[in-house]
């Protein structure tokens, strides 16, 4: 019985995925076009993250050692 519960839970969760494209609910429409946009974005465009939402990783390596400049705000505690 204890083995059956995790299996049933995994089976139930496996069926939760969406198998079709997302569409607005019945009687609802897509959000209005953003300010300054010429057209309302499609659902696929709304779901695609921009570079600001998912920035690319910087792979630039440090090639030369550089001395740090002095920090005038690095003061001892009072």
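Residue numbers (our numbering): 58 to 135. Glycine included, every Cβ here is placed at the ideal spot set by N, Cα and C. The structure displayed is predicted, hence computed values, not measured ones.
By alpha-carbon positions, which one of the options ends up nearest to residue i?
{"i": "residue 86", "options": "122, 97, 106", "result": "97"}
{"i": "residue 91", "options": "84, 108, 82, 103", "result": "103"}
Just confirm the distance between the C-beta atoms of residue i and residue j, as a whole number of angstroms; I'd bet it's less than 8 Å.
{"i": "residue 80", "j": "residue 100", "result": "7 Å"}
Mind pulling the alpha helix (DSSP H) runs of 4 or more residues that sit fully within the region 83-120?
Taken in chain order, the unbroken stretches of alpha helix (DSSP H) that lie wholly in the region 83-120 and span 4 residues or more are 100-104.
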